[in-house]
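Numbering (this note's numbering), first residue to last: 8 to 264.
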């Protein structure tokens, strides 16, 4: 959180307010955010009340942040995201030709669990390619860790209140915007946006379960087929390598004999 706040407050964009929403965290996040802000007047820490019935935590936190904001452009950023100093000004310029935009960041994996999750998520994106982000059909999506939208477009679809019960609010908000005729753009964030992927097996499993909760095959047969396909996709390369190495050892042994 501290690195995220510092990177946002170091932007070269003039009209900026940074709002951190604390949803009753107990891990020292608010204190870390306040320390990173170092009294900067552009920074505010907002304590979110408990979500009302029918609301999930992430949409509720985003809605609270929106309600405390005053700008014409809304940027929703996860706590594990860091941005280069020119990112906000660059994305605001890019937003002149769109109503909303999401960006594909550079992912930082600090462990095996994060690397495996990233590989699975990348495979899922084969069926939801980046050029489908603004499509009005059911394959549009967005990266919730960095999502920017004009205030008028956000209010035009009801904001996060319209996706308050969604575990994949980023995807559903992007689809809602696209279905209502708003243009959602995909931007390349490599070099400008960095996101830290899951660091533990539990975080990785929770993330995959969240992503798959709406788009996973519903029938057991289809689910089994997809699982088998993924297993084959990721198991085949190392197995082929081991088989090739084994054959080389066998050939060498035969030559020595």
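Heads up, the beta-carbon is just placed ideally off N, CA and C, and yes, glycines get one too.
Just so you know, these numbers come straight off a predicted model, no measurement behind them.
If we call anything under 8 Å between Cβ atoms a contact, is residue i one with residue j?
i, j, result
"residue 52", "residue 155", "no"
"residue 191", "residue 250", "no"
"residue 100", "residue 18", "no"
"residue 110", "residue 150", "yes"
"residue 171", "residue 62", "yes"
"residue 176", "residue 244", "no"
"residue 88", "residue 112", "yes"
"residue 14", "residue 90", "yes"
Can you list, in chain order, the residues of its chain whose CB lies under 7 Å from that of residue i, leaving out five sequence neighbours each side?
i, result
"residue 188", "none"
"residue 16", "25, 44, 47, 49 and 50"
"residue 41", "52"
"residue 37", "29 and 52"
Considering only C-alpha positions, which residue in the set the options is nearest to residue i?
i, options, result
"residue 30", "106, 167 and 58", "58"
"residue 55", "11, 157 and 72", "72"
"residue 92", "182, 194, 23 and 168", "23"
"residue 74", "168, 202 and 244", "168"
"residue 94", "197, 245 and 252", "197"
"residue 64", "28, 11, 247 and 194", "28"
"residue 163", "173, 21, 186 and 14", "186"
Between residue i and residue j, which are expected to be in contact by the criterion C-beta below 8 Å, what is the C-beta distance as a whole number of angstroms?
i, j, result
"residue 202", "residue 152", "5 Å"
Quick one: residues in its chain with C-beta nearer than 8 Å to the C-beta of residue i, no 5 flanking neighbours on either side, listed in chain order?
i, result
"residue 104", "190 and 192"
"residue 157", "79, 80, 81, 102, 106 and 107"
"residue 60", "none"
When burial is assigned at 16 or more other CB atoms within 10 Å of the CB, is residue i buried or exposed?
i, result
"residue 160", "buried"
"residue 34", "exposed"
"residue 195", "exposed"
"residue 184", "buried"
"residue 77", "exposed"
"residue 247", "exposed"
Can you find the residues in the same chain that come closer than 6 Å, C-beta to C-beta, to residue i, ignoring five residues on each side of it along the sequence?
i, result
"residue 180", "170"
"residue 86", "8 and 11"
"residue 98", "155"
"residue 20", "95 and 96"
"residue 252", "none"
"residue 69", "83 and 167"
"residue 39", "8 and 9"
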